[in-house]
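Novice: For the protein sequence lines, the chains are A and B, in the order given.
Residues 1 to 216 (this note's numbering) are what the first sequence spells out, left to right.
Residues 217 to 497 (this note's numbering) are what the second sequence spells out, left to right.
Glycine residues also receive a C-beta, built at the ideal position from the N, C-alpha and C atoms.
None of these values were measured; they are calculated from a predicted model.
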Amino acid sequence: MTPTIVPLGESALLVTLGDRVDRETAVQVHAATAALRAAAMPGVDEIVPAYTTLAVYFDRALTLRALLERTITQIVVDVMRTPAAFGGGRLIEVPTRYDGVDLEEVARSTGLDVADVIARHAERTYTAYVLGFAPGFAYLGDVHPALEIPRRATPRIRVPAGAVAIAGTKTAVYPAEMPGGWHLIGTTALVMFDPQRNPPALLAAGDEVRFVPVPS
Amino acid sequence: MITVVKAPFAATVQDLGRPGYRAIGVPLSGGMDRDALIATNVCVGNAPGAAALELALGGGELRFDGETVIAIGGAQLLAMLGDRAVPSWVPIPVHTGETMRIERVTDGQFAYLAIHGGLDLPLVLGSRSTMLSAAFGGRLLRTGDVFTTANDVVGGPGPVPSVTYDASAPIPVVRGPQAAEFSDDAWHVLLGRGFRVSSSSNRIGYRFEGASIVHSIPSDRPSEPTCLGAIQVPSGGAPIVLMNDGPTVGGYPKIAVVREHALGMLAQRAPGSIVRFVLDD
Numbered sequence: 001m002t003p004t005i006v007p008l009g010e011s012a013l014l015v016t017l018g019d020r021v022d023r024e025t026a027v028q029v030h031a032a033t034a035a036l037r038a039a040a041m042p043g044v045d046e047i048v049p050a051y052t053t054l055a056v057y058f059d060r061a062l063t064l065r066a067l068l069e070r071t072i073t074q075i076v077v078d079v080m081r082t083p084a085a086f087g088g089g090r091l092i093e094v095p096t097r098y099d100g101v102d103l104e105e106v107a108r109s110t111g112l113d114v115a116d117v118i119a120r121h122a123e124r125t126y127t128a129y130v131l132g133f134a135p136g137f138a139y140l141g142d143v144h145p146a147l148e149i150p151r152r153a154t155p156r157i158r159v160p161a162g163a164v165a166i167a168g169t170k171t172a173v174y175p176a177e178m179p180g181g182w183h184l185i186g187t188t189a190l191v192m193f194d195p196q197r198n199p200p201a202l203l204a205a206g207d208e209v210r211f212v213p214v215p216s
Numbered sequence: 217m218i219t220v221v222k223a224p225f226a227a228t229v230q231d232l233g234r235p236g237y238r239a240i241g242v243p244l245s246g247g248m249d250r251d252a253l254i255a256t257n258v259c260v261g262n263a264p265g266a267a268a269l270e271l272a273l274g275g276g277e278l279r280f281d282g283e284t285v286i287a288i289g290g291a292q293l294l295a296m297l298g299d300r301a302v303p304s305w306v307p308i309p310v311h312t313g314e315t316m317r318i319e320r321v322t323d324g325q326f327a328y329l330a331i332h333g334g335l336d337l338p339l340v341l342g343s344r345s346t347m348l349s350a351a352f353g354g355r356l357l358r359t360g361d362v363f364t365t366a367n368d369v370v371g372g373p374g375p376v377p378s379v380t381y382d383a384s385a386p387i388p389v390v391r392g393p394q395a396a397e398f399s400d401d402a403w404h405v406l407l408g409r410g411f412r413v414s415s416s417s418n419r420i421g422y423r424f425e426g427a428s429i430v431h432s433i434p435s436d437r438p439s440e441p442t443c444l445g446a447i448q449v450p451s452g453g454a455p456i457v458l459m460n461d462g463p464t465v466g467g468y469p470k471i472a473v474v475r476e477h478a479l480g481m482l483a484q485r486a487p488g489s490i491v492r493f494v495l496d497d
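1) So which residues of chain A does residue 236 of chain B contact, with C-beta pairs closer than 8 Å?
2) So if I threshold CB-CB distances at 7 Å, which residues from the region 340-364 of chain B count as touching chain A?
3) Is the beta carbon of residue 169 of chain A within less than 6 Å of some heavy atom of the ligand ATP?
4) Of all the CB atoms in chain B, is at least one closer than 7 Å to the CB of residue 52 of chain A?
5) Tell me whether the beta-carbon of residue 305 of chain B lies closer than 7 Å to the beta-carbon of residue 376 of chain B.
6) Tell me which residues of the region 190-214 of chain A have at least one Cβ-Cβ distance to chain B shorter than 9 Å, keeping chain order.
7) Quick one: is residue 324 of chain B buried, meaning 16 or more other Cβ sit within 10 Å of its Cβ, or exposed?
8) With a threshold of 16 other CB atoms inside 10 Å of the CB of residue 481 of chain B, please say whether the residue is buried or exposed.
9) Which residues in chain A have a C-beta closer than 9 Å to the C-beta of residue 446 of chain B? List them in chain order.
10) So residue 133 of chain A contacts chain B; which residues on that side make the cut at Cβ distance below 7 Å?
11) Looking at the C-beta of residue 64 of chain A, does it have a partner C-beta in chain B at a distance below 7 Å?
12) Taking 8 Å as the limit between beta carbons, can you name the residues of its chain near residue 313 of chain B, skipping five residues before and five after?
13) Tell me which residues share the same chain as residue 365 of chain B and place their Cβ nearer than 8 Å to its Cβ, disregarding the 5 neighbours each side in the sequence.
14) With DSSP as the reference, label residue 69 of chain A as helix, strand or coil.
15) For residue 438 of chain B, which residues in chain A fall below 8 Å Cβ to Cβ?
16) Could you check whether the region 260-271 of chain B touches the region 65-76 of chain A, counting it as contact only if at least three pairs of C-beta atoms, one from each stretch, sit closer than 8 Å?
17) Please confirm if the region 468-486 of chain B is in contact with the region 436-453 of chain B, defined as three or more CB-CB distances below 8 Å between the two stretches.
18) For the putative contact between residue 80 of chain A and residue 134 of chain A, defined by C-beta atoms under 8 Å, what is the C-beta separation to the nearest angstrom?
19) I'd like to check one pair, residue 223 of chain B with residue 269 of chain B: are the Cβ atoms closer than 7 Å?
20) Let me know the secondary structure DSSP gives residue 78 of chain A once reduced to three states.
21) For residue 429 of chain B, which beta-bridge partners are listed by DSSP?
22) Can you tell me whether residue 50 of chain A is buried or exposed? The criterion is at least 16 other CB atoms within 10 Å of its CB, across all chains shown.
23) Is residue 28 of chain A helix, strand or coil when you go by DSSP?
24) So if DSSP puts residue 326 of chain B in a beta bridge, which residue, or which two residues, is it bridged to?
25) Assuming residue 162 of chain A contacts residue 188 of chain A (C-beta within less than 8 Å), just tell me the rounded distance between them.
26) What residue from B/380, B/400, B/403 and B/434 has the CA that sits closest to residue 484 of chain B's CA?
27) For residue 217 of chain A, go through chain B and note every residue whose CB falls closer than 9 Å to its CB, in chain order.
28) Classify residue 358 of chain B as buried or exposed, calling it buried when 16 or more other Cβ atoms lie within 10 Å of its own Cβ.
29) Looking at the structure shown, is residue 262 of chain B part of a helix, part of a strand, or coil, going by DSSP?
30) For residue 344 of chain B, does the count of other Cβ atoms within 10 angstroms reach 16, so buried, or fall short, so exposed?
31) In the DSSP assignment, find the beta strand (DSSP E) that holds residue 186 of chain A and state where it starts and stops.
32) Please identify the residue among A/158, A/198 and A/100 whose C-alpha is closest to the C-alpha of residue 185 of chain A.
33) For the alpha helix (DSSP H) containing residue 480 of chain B, list its first residue and its last residue.
34) Taking all protein chains shown into account, do 16 or more other C-beta atoms lie within 10 angstroms of the C-beta of residue 384 of chain B, making it buried, or fewer, making it exposed?
35) Run down chain A in chain order and give the residues with a C-beta less than 9 Å from the C-beta of residue 475 of chain B.
36) What did DSSP end up calling residue 149 of chain A once you bin it into helix, strand or coil?
The following block contains the structure:
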């Protein structure tokens, strides 16, 4: 499809690149994000990618919306023809102890053995589609269809930092202790978010992620 | 130095926020009434973005150690320095050992207390704004907290024109990214007689009651980037306006976006107030 651009308030534009949440669209979104960042358009503050869209935030005092719309359209149309030319994300390994408190329940509700749940979760390379919900929280997809289960009926008040979890078609690592409704299947010692580190978030949208089992 | 003798309810430290990190899920934060925060800082000679206290409810007490100058502004704040009521929008000299009783916020929702030099907290991703997330370690003011002051000064203290709002003025909005997917009836409700600000409103978002914006836009739309002031409409029909600590991405359709110059005016509508929206694009 051709990209569409609409205003997102007075100081941002929302660019839609596709209508399906899949890896192909994600590759285009992240290639377009990389190309728009590289273009260093004057007056542009920030570019934020999501599943099928990206937003360009700008300073109204330093640029014009109409001008940006034209430049962005040119860049995004070029990228969508040859997204691969813009390079992919990094591959990040997340050492994971599969010791989550919900592991047995996940096994029961999916009809798999615990060992199969672990194997299915660890066998895939996931794409970081988008960061959101909390600082450093990356939505990774897609999980093996056999592991797709809805989120918990009642969210937990406290999920510990480093919890590896699944819900629906996604998996994620909780970057800090917070409430959460996903099923906890493991733990990593990696620090997913540290505001004192540069960059603060371990994962960026567009990265590829593998979970590597380590002994509990 | 300032000691929090008794922590006011729901008080945080705010400056102009933390732009630049939305791609990693970090909200903007910053003062909910930006203009009032800036004016209060300027009143004590501070840079517009110095860190100040944002007071949502009052009910606290502060002690000042060292001669300094403070100012209050924003929503009307009933505060006593010793036995004197503290006026808004004028610099107030304070002396060592003086205590200030912060009684309550009236006629609005957010009052600001600026101190000469600004509050000296470590910068986190370029800002001193409190972000109430475990990932940041941000938290509300606590009894026993002690603040030192920074040197975020650009001029001398002096009175400033008050930043106040007409409590019945409609809130101007522009069309949101999904504006065209809402029916004429839905728009009619949005721009109709108004909504009541819900008591569950906070720095993350303002929630509204009293009218329902009915729509049949699928609820499983993929999340997309949001913006400050975005008016999201969940399938239940009660709109939510995203405020400073709101999520950076979200899936609810956005019918409209509050105009930037009116965000402070909206922030000052306390729970129970009536808000009418008007299309202004």
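Specialist: By the coordinates alone:
1) 45 and 46
2) 340, 341, 349, 350, 351 and 352
3) As presented, the structure is devoid of all ligands, the ligand ATP included, so that no description of it is given.
4) At a cut-off of 7 Å between C-beta atoms, residue 52 of chain A counts as an interface residue with respect to chain B.
5) Cβ distance < 7 Å, so residue 305 of chain B and residue 376 of chain B count as in contact.
6) 192, 193, 194, 195, 196, 199, 200, 201, 203, 204 and 205
7) Counting Cβ neighbours within 10 Å, residue 324 of chain B comes out buried, since at least 16 surround it.
8) buried
9) 8 and 9
10) 241 and 463
11) no
12) 279, 280 and 281
13) 217, 218, 284, 331, 332, 333, 334, 335 and 336
14) In the three-state scheme derived from DSSP, where H, G and I count as helix and E and B as strand, residue 69 of chain A is classed as helix.
15) 21, 50, 51, 52 and 53
16) no
17) yes
18) The Cβ separation is near 31 Å, so there is no contact.
19) no
20) helix
21) Note: residue 429 of chain B sits in no beta bridge, so no partner.
22) buried
23) Residue 28 of chain A falls in the helix class under three-state DSSP.
24) Residue 326 of chain B pairs with nothing; no bridge assigned.
25) Their Cβ separation, rounded to whole angstroms, is 5 Å, which keeps residue 162 of chain A and residue 188 of chain A in contact under 8 Å.
26) B/380
27) Residue numbering for chain A in the displayed model covers 1 to 216; residue 217 of chain A lies beyond these limits and cannot be assessed.
28) exposed
29) strand
30) buried
31) 183-187
32) A/100
33) Bounds of the alpha helix (DSSP H) holding residue 480 of chain B are 479-483.
34) exposed
35) 9 and 10
36) The three-state secondary structure of residue 149 of chain A, taken from DSSP, is coil.
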